[in-house]
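Numbering (the numbering used here), first residue to last: 3 to 133.
Heads up, the beta-carbon is just placed ideally off N, CA and C, and yes, glycines get one too.
In what follows, a structure is listed as structure tokens, so that the remarks can point back to it.
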Amino acid sequence: MTTHAQPQPTRAELAILRVLWKQGPSTVRQVHERMRGTQDKDTGYTTVLKLLQNMTEKGIVQRDESERTHVYEAAISETRTQRDLLRDLMDRAFGGSATSVVAQALSMKRASAEELAEIRRLLDAHEKRGK
3 MTTHAQPQPT RAELAILRVL WKQGPSTVRQ VHERMRGTQD KDTGYTTVLK LLQNMTEKGI
63 VQRDESERTH VYEAAISETR TQRDLLRDLM DRAFGGSATS VVAQALSMKR ASAEELAEIR
123 RLLDAHEKRG K
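Shown next, in the form of structure tokens:
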């Protein structure tokens with residue numbers, strides 16, 4: 003298994019990170035309010051607070067304590083997190099095969115014409131870099 007400098011976020015932590023990546027630095031209340039409008043709507047305020055405290059200890063988020071209300075910000079980028087999680091999943095579940103990952107992803111949900119065009123563009127760019 004691949005080791006990472008940063009710990010991988012849990013599913014609940016990823017939900018919070020998605021809010022912070024989209025919204026930017028936020029208070030616990032702002033994160034909680036945003037999560038209430040998603041599939042994570044049952045997550046309570048105190049749960050969000052505890053998760054953010056744990057994430058701060060892990061180095062996944064940073065906390066600005068300069069004001070009375072603490073503001074949290076993602077300490078890891080969305081792209082890096084996605085790459086680390088995908089690399090781990092690809093190694094563990096697909097034996098390191100990019101082909102198997104892509105085939106499985108495409109078989110799960112019909113890709114739109116725009117998505118397929120973007121995939122073709124990415125493949126062409128990847129092929130050009132390899133030459």
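Unbroken beta strand (DSSP E) stretches of 3 residues or longer found wholly inside the stretch 66-132: 73-76, given in chain order. According to the DSSP secondary-structure assignment, VAL63 is paired through a beta bridge with ALA76. A Cβ-Cβ distance of about 19 Å is found for the pair THR83 and LEU124, leaving them out of contact under the 8 Å criterion. With contact defined as three or more Cβ pairs closer than 8 Å, the stretch 61-70 and the stretch 101-110 are not in contact. Sixteen is the threshold: since fewer than 16 other Cβ atoms of the shown chains lie within 10 Å of the Cβ of ARG85, the residue is exposed. Rounded to the nearest angstrom, the gap between the Cα atoms of GLN25 and LEU16 is 14 Å.
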